[in-house]
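Protein chains in written order, with numbering that gives the first Met the number 0: chain D, 0 to 212; chain L, 0 to 212; chain S, 0 to 212; chain G, 0 to 212.
Ideal placement from N, C-alpha and C gives every residue a C-beta, glycine not left out.
Computed from a prediction, not measured in an experiment: that's the story for all the values here.
Okay, so here's the structure we're looking at.
4 protein chains.
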Amino acid sequence: MALESDSERVAPDESRRSERSRRAILDAAKELVATIGYENMSIEAIASRAGVGKQTIYRWWPSKAAVVLEMWMPEVHPRIEFPDTGDLAADMKSQLKAVIDLAQDPTFGPSFRALVAESQYDEALSAQLVTHIFGPRIEACRQRLRAGQAAGQLTSDIDLDIAIDLFYGGFYHRHLLRVAPLDHDHADAVVDAVFRGLAAPTPRSRRKGAARN
Amino acid sequence: MALESDSERVAPDESRRSERSRRAILDAAKELVATIGYENMSIEAIASRAGVGKQTIYRWWPSKAAVVLEMWMPEVHPRIEFPDTGDLAADMKSQLKAVIDLAQDPTFGPSFRALVAESQYDEALSAQLVTHIFGPRIEACRQRLRAGQAAGQLTSDIDLDIAIDLFYGGFYHRHLLRVAPLDHDHADAVVDAVFRGLAAPTPRSRRKGAARN
Amino acid sequence: MALESDSERVAPDESRRSERSRRAILDAAKELVATIGYENMSIEAIASRAGVGKQTIYRWWPSKAAVVLEMWMPEVHPRIEFPDTGDLAADMKSQLKAVIDLAQDPTFGPSFRALVAESQYDEALSAQLVTHIFGPRIEACRQRLRAGQAAGQLTSDIDLDIAIDLFYGGFYHRHLLRVAPLDHDHADAVVDAVFRGLAAPTPRSRRKGAARN
Amino acid sequence: MALESDSERVAPDESRRSERSRRAILDAAKELVATIGYENMSIEAIASRAGVGKQTIYRWWPSKAAVVLEMWMPEVHPRIEFPDTGDLAADMKSQLKAVIDLAQDPTFGPSFRALVAESQYDEALSAQLVTHIFGPRIEACRQRLRAGQAAGQLTSDIDLDIAIDLFYGGFYHRHLLRVAPLDHDHADAVVDAVFRGLAAPTPRSRRKGAARN
DNA sequence: ATTTAACCGAGACGGTACGTCTAGTCTTGAT
DNA sequence: ATCAAGACTAGACGTACCGTCTCGGTTAAAT
Numbered sequence: 000m001a002l003e004s005d006s007e008r009v010a011p012d013e014s015r016r017s018e019r020s021r022r023a024i025l026d027a028a029k030e031l032v033a034t035i036g037y038e039n040m041s042i043e044a045i046a047s048r049a050g051v052g053k054q055t056i057y058r059w060w061p062s063k064a065a066v067v068l069e070m071w072m073p074e075v076h077p078r079i080e081f082p083d084t085g086d087l088a089a090d091m092k093s094q095l096k097a098v099i100d101l102a103q104d105p106t107f108g109p110s111f112r113a114l115v116a117e118s119q120y121d122e123a124l125s126a127q128l129v130t131h132i133f134g135p136r137i138e139a140c141r142q143r144l145r146a147g148q149a150a151g152q153l154t155s156d157i158d159l160d161i162a163i164d165l166f167y168g169g170f171y172h173r174h175l176l177r178v179a180p181l182d183h184d185h186a187d188a189v190v191d192a193v194f195r196g197l198a199a200p201t202p203r204s205r206r207k208g209a210a211r212n
Numbered sequence: 000m001a002l003e004s005d006s007e008r009v010a011p012d013e014s015r016r017s018e019r020s021r022r023a024i025l026d027a028a029k030e031l032v033a034t035i036g037y038e039n040m041s042i043e044a045i046a047s048r049a050g051v052g053k054q055t056i057y058r059w060w061p062s063k064a065a066v067v068l069e070m071w072m073p074e075v076h077p078r079i080e081f082p083d084t085g086d087l088a089a090d091m092k093s094q095l096k097a098v099i100d101l102a103q104d105p106t107f108g109p110s111f112r113a114l115v116a117e118s119q120y121d122e123a124l125s126a127q128l129v130t131h132i133f134g135p136r137i138e139a140c141r142q143r144l145r146a147g148q149a150a151g152q153l154t155s156d157i158d159l160d161i162a163i164d165l166f167y168g169g170f171y172h173r174h175l176l177r178v179a180p181l182d183h184d185h186a187d188a189v190v191d192a193v194f195r196g197l198a199a200p201t202p203r204s205r206r207k208g209a210a211r212n
Numbered sequence: 000m001a002l003e004s005d006s007e008r009v010a011p012d013e014s015r016r017s018e019r020s021r022r023a024i025l026d027a028a029k030e031l032v033a034t035i036g037y038e039n040m041s042i043e044a045i046a047s048r049a050g051v052g053k054q055t056i057y058r059w060w061p062s063k064a065a066v067v068l069e070m071w072m073p074e075v076h077p078r079i080e081f082p083d084t085g086d087l088a089a090d091m092k093s094q095l096k097a098v099i100d101l102a103q104d105p106t107f108g109p110s111f112r113a114l115v116a117e118s119q120y121d122e123a124l125s126a127q128l129v130t131h132i133f134g135p136r137i138e139a140c141r142q143r144l145r146a147g148q149a150a151g152q153l154t155s156d157i158d159l160d161i162a163i164d165l166f167y168g169g170f171y172h173r174h175l176l177r178v179a180p181l182d183h184d185h186a187d188a189v190v191d192a193v194f195r196g197l198a199a200p201t202p203r204s205r206r207k208g209a210a211r212n
Numbered sequence: 000m001a002l003e004s005d006s007e008r009v010a011p012d013e014s015r016r017s018e019r020s021r022r023a024i025l026d027a028a029k030e031l032v033a034t035i036g037y038e039n040m041s042i043e044a045i046a047s048r049a050g051v052g053k054q055t056i057y058r059w060w061p062s063k064a065a066v067v068l069e070m071w072m073p074e075v076h077p078r079i080e081f082p083d084t085g086d087l088a089a090d091m092k093s094q095l096k097a098v099i100d101l102a103q104d105p106t107f108g109p110s111f112r113a114l115v116a117e118s119q120y121d122e123a124l125s126a127q128l129v130t131h132i133f134g135p136r137i138e139a140c141r142q143r144l145r146a147g148q149a150a151g152q153l154t155s156d157i158d159l160d161i162a163i164d165l166f167y168g169g170f171y172h173r174h175l176l177r178v179a180p181l182d183h184d185h186a187d188a189v190v191d192a193v194f195r196g197l198a199a200p201t202p203r204s205r206r207k208g209a210a211r212n
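As structure tokens, then:
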């Protein structure tokens, strides 16, 4: 669960770490994100509200974003677990709706935006997000899709990573770029379109077209 | 071309504006973005390198991002114009490849990331991006898709905004989240999958499909 | 009066300097020195109490000590002006008593100690003190001594800098090292001893000396 | 030899003290003073170089200055012992020269400045310096002067503490305030002037004085 | 042709936060 | 209980920028 063990941390002795301070920092960050927002929250403010020296934050986290990531980690996955009801399309829709809801959660949503924003410059953070957030969700999706293939609900003739791009891409397109509104209907429409495909059915080509392709 | 006329700017007299300073600012910003990167570039640095007072920047642009946006605007659209060769799938593929190339351009790419990042907190910037970058590209795409529907290459039974999400979503998923690599093959794979759809073939078509493979 | 023009200051434009800020800084420093003491006073505290950015202090003064020096400068010399009543010994005594009083002034005294302390490490400050405090006092003393020589009250057979060492050295010995108490009687005793000399009287001169006293 | 037993230390059990650590600390301090200088030397640095916990320093010494004082103590007095050759003036001169040499010693000198500096704020340190450094030197001087009085080389009509102020004051005036250079000639000039006195010779005594010199 | 009002370069200003440093205290084994 | 080690709270350091605010100088329209 601790993020800083992943890579480039240098020296401090984990075994002597104060759990009390760690919790105070994460709690303070949560309060501040909720009240003044991620971008207005300084490391000084976290330290001061947590009753903690700044150095204690700098010692254990490489950046403000890392604190926020660690603070959200325990909450993210339980809220976007992958269902398997046997109906792949229905499961994809309900999972996507959970993702949409999470992204629009008034406390989590802005933090998530902030983490993605920061990760545009910060490759270490980007890697953390992939490892701890996106990766597991993608892997769970991949497995659900494989089960769907086995159940004959998904063509076996598809690179699953491409499939994942199609299912989730629309969400990121609308959420991060704000080019169009996002709601549960969008999830339904995307999943339906992905399964059906956008090729125009011609009377003949419906049968032959398959052969032609 | 000037962005600041859109909304809440107060008073300065456009007719007296120094084109010389405007150019110096945009040029300085371009150099700095290329050398030290968007996030390390301060408004002070732009002013100093441009030989311009800070106030001159604050007078005409609301933020560093707005400068960078204006600086890239003339270059973006010519590089992602929408082709119409009559073959919708081929046109989508080539347009997507142009987008991927632009995003991976060593000077434009990081700026684009930075603008998207900043727009997560800055709704005004987000609106500018939609108006000046994403909106026109989406509108051009929508028209190409409509032409494709008229030509019987795209099902008429589709919300075009959903179609656009499918075509472009994969790109944003991979580019902004860095969950998987991006290259021209990806564009081909996405467009093919979007047209074909992911549903498993029905028993009858399955036999044919199997034969086909 | 401004100290920073003396030497190594680099760039800031004196003519644009805010006299209002300068005064606020010196006043805040005076208050803080009086309340919490020089060594507990931080530059942050001065800035905060003065309602001034820290940079404004760093821009115009090289150190906390320089602020304190400038703040005391207008007050020092008026309090230790050199009298010339025609009686050299009496004048030396009254000047020394003024110096002792100043050093024991409850607000100036500790600052003076602090400046001397700091000047032990800080050669630039030391030079400032010599230029602005000790030098002028020494020069005034030298002139008074020359007048005394002309008046036949001081042997002409003496290096005046040595004479100054004798007159003032006792004060610094006791004040800075705290090896013995300091009061007006000390001034009298030192001046008398310096004039008289410590050689034991020769048998003949002993009789006269006794008669003289 | 240990200084901290003098006064306000609270509890630690001297008998359990590690001589090994004590030596390591004093040696590390000596090295650091010589290399980076007293004012750049932190207690952390001493502890780290000595391979000792910070607490071990805080336990046994009240301040960095106390460490440095203890580290120099064994070396100071042997270098400024008071000679008694029978010639008081000559002995004063040679002792003063030893003091000047010590103050200008490249390793001891800066430490001595630093201790005097620190003692301006720190009364406990000041008392230690008087007890361990200045006091013994003054007492030795006082005894030598008394012997000189007995030998008829020093007037008996003088407060010996005033005499000491005259002999040493010039040194502190020049050394601590840096108002003039210090060398062996200065010692000679001061001692001569102190014995002779600065009063202008009266016509009769002038002749005698000349004969006397 | 002169006024006059804006923009302009410059940069000082009040602030905020940065990331680093050190002080002095506290905690954890090991001796 | 002392010791080495080092994490802890606390807070100052000096720097970098923020966005605002003068200050002359320089245009360019309006007199």
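Contact annotation: residue 115 of chain G and residue 119 of chain S have beta-carbon atoms nearer than 8 Å. The beta carbon of residue 84 of chain D sits closer than 6 Å to the beta carbons of 90 from its chain, once the five residues preceding and following it are set aside; these are given in chain order. Note that the stretch 180 to 198 of chain G does not touch the stretch 120 to 133 of chain S; fewer than 3 beta-carbon pairs, one per stretch, sit closer than 8 Å. For residue 101 of chain D, the nearest beta carbon of chain L is not closer than 8 Å to its own beta carbon. For residue 33 of chain D against residue 45 of chain D, the beta-carbon gap comes to about 13 Å, at or over 8 Å, which does not count as contact.
If you draw a 10 Å sphere on the C-beta of residue 49 of chain L, you find 16 or more other C-beta atoms in it, and that means buried.
Taking 8 Å as the cut-off between beta carbons, the residues of the stretch 134 to 158 of chain S near chain G are 134, 137, 148, 151, 152, 153, 154, 155, 157, 158, in sequence order. Between the beta-carbon of residue 66 of chain S and that of residue 25 of chain S there is about 7 Å, and that keeps the pair under the 8 Å contact cut. With contacts defined as CB atoms closer than 8 Å, residue 64 of chain L and residue 117 of chain L qualify as a contacting pair. Closer than 9 Å at the C-beta level to chain L, one finds these residues of the stretch 75 to 88 of chain D: 88. Contact between residue 145 of chain G and residue 159 of chain G holds: their C-beta atoms lie close to 7 Å from each other, under 8 Å. Within the same chain, and ignoring the five residues on either side of residue 175 of chain L in sequence, the residues whose Cβ sits closer than 8 Å to its Cβ are 112, 115. Residue 94 of chain G sits in a helix when the DSSP states are folded into three classes.
The C-beta of residue 189 of chain L comes closer than 8 Å to at least one C-beta of chain D.
When DSSP states are grouped into helix, strand and coil, residue 14 of chain L belongs to the helix group.
Under the three-state reduction of DSSP, residue 36 of chain G is assigned to coil, being neither helix nor strand. Comparing alpha-carbon positions, the option among L:98, L:69, L:104, L:143 lying closest to residue 86 of chain L turns out to be L:143.
Rounded to the nearest angstrom, the Cβ distance from residue 198 of chain L to residue 195 of chain D is 6 Å, consistent with a contact under 8 Å.
Measuring C-alpha to C-alpha distances from residue 193 of chain L to each of D:157, D:39, D:148, D:186 identifies D:157 as the nearest. Cβ-Cβ separation between residue 56 of chain S and residue 186 of chain S: approximately 38 Å, too far for a contact (criterion under 8 Å). In the three-state DSSP reduction, residue 177 of chain L falls in the coil class, being neither helix nor strand.
Taking 8 Å as the CB threshold, residue 172 of chain G lines the interface with chain S.
Taking CB atoms only, residue 194 of chain S has a neighbour in chain G less than 8 Å away. Chain order gives the chain G residues near residue 169 of chain S as 161, 164, 165, 168, where near means a beta carbon separation below 8 Å. Taking the CA atoms as reference points, residue 96 of chain G sits about 14 Å from residue 168 of chain G. For the stretch 27 to 44 of chain D, the set of residues with a beta-carbon nearer than 9 Å to any beta-carbon of chain L comprises 36, 37, 38, in chain order. In terms of CA proximity to residue 52 of chain L, L:21 leads the group L:21, L:69, L:191.
Taking the beta carbon of residue 119 of chain G as reference, the chain S residues within 8 Å of it are 112, 113, 115, 116, 175, listed in sequence order. In the structure shown, residue 158 of chain L adopts coil according to DSSP, grouped into three states.
Rounded to whole angstroms, the separation of the alpha carbons of residue 124 of chain G and residue 154 of chain G is 35 Å.
Closer than 8 Å to the CB of residue 178 of chain S there is at least one CB belonging to chain G. The three-state reading of DSSP puts residue 83 of chain G in coil, since its state is none of H, G, I, E or B. Note on geometry: alpha-carbon atoms of residue 35 of chain S and residue 68 of chain G lie some 27 Å from one another. The shortest CA-to-CA distance from residue 161 of chain S to any of S:191, S:152, S:17, S:141 is the one to S:141. Annotation: residue 149 of chain G to residue 11 of chain G spans about 48 Å, alpha carbon to alpha carbon.
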